[in-house]
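Step one of this worksheet: look at the structure below.
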Amino acid sequence: MTELPSEYHRNLPYGERLSAAEFLGHPFFPFEGDVQVVPLADPELPEPPRAGEPGGKPCYTCTEPDRSVIWRDDQWQLKAFEEHGLPFVAILEPREHYRLDNLPPELTATLGGLIQRVSGAIRRIDAVGRTHFNRWGDGSEHFHLWFMARPLGQMQLRGAMIALWDDMLPNVPSERHQEYVRLVAAALVEGGGEAV
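Residue numbers (numbering that gives the first Met the number 0): 0 to 195.
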């Protein structure tokens, strides 16, 4: 094992299986029965580069800037993806390559309002009860926020496990997905930008 970088790391039980008991029976946890957690792996140091970082794969957004884009303005774009079990899954990202820590202040200032617009546009889909958004930044350096639409009335899909449910639910049919894409893009255009 590599030398551990902090006291936090030195206190973790590497190679041991942690208990899932805290989650079993929780209303948002999508599994029951004998759930076995994989053993905690040793840290990988230095961390492998993400897409867009030196030594990593090329940035997906920069190499294929128009792929899956359904709406854009001068600064931001929204990508929607098929083959998801939730009614709508999308990524909001700046058109230029920035990380969260170097996003220019003038671009950062527009982010809150845009999150509201995207969430409101997704809520126009009749199958949607609420829109969750979050940031996972381990796959790509290019800043992006995920938007995941919780189906109306599906209360057990609330919370952080929604991404797991998305992978397990049957995919939304392509025709329905396209209908939702058009609806969301048109709603966003009402506040500016263009449907793609």
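Just so you know, even glycine gets a beta-carbon here, dropped at the ideal spot from N, CA and C.
So His143 and Ile90 are supposed to be a Cβ contact under 8 Å. How far apart are they, rounded?
Confirmed, Cβ separation roughly 5 Å.
Give the DSSP-derived three-state secondary structure of Ile124 in the structure shown.
Coil at Ile124, not helix or strand.
Could you name the residues of the same chain whose beta carbon sits closer than 7 Å to that of Asp137, not counting the 5 residues immediately before and after it, in chain order?
These residues qualify, in order along the chain: Arg49.
Quick one, which of Asp125, Phe22, Leu23 and Leu39 has its alpha-carbon nearest Arg9's?
Ranking Asp125, Phe22, Leu23 and Leu39 by Cα distance to Arg9 puts Leu39 first.
Can you list, in chain order, the residues of its chain whose CB lies under 8 Å from that of Tyr97, leaving out five sequence neighbours each side?
Closer than 8 Å at the Cβ level, and outside the excluded window around Tyr97, lie Pro103, Leu106, His141 and Phe142.
What does the alpha-carbon distance come out to for the pair Gly14 and Glu95?
For Gly14 and Glu95, the distance between alpha carbons rounds to 41 Å.
Would you kindly check if the distance between the Cβ of Tyr179 and the Cβ of Ile124 is under 8 Å?
Cβ distance < 8 Å, so Ile124 and Tyr179 count as in contact.
Would the beta-carbon of His176 fall within 8 Å of that of Glu92?
No; because the gap between Cβ atoms is not below 8 Å, this pair is not in contact.
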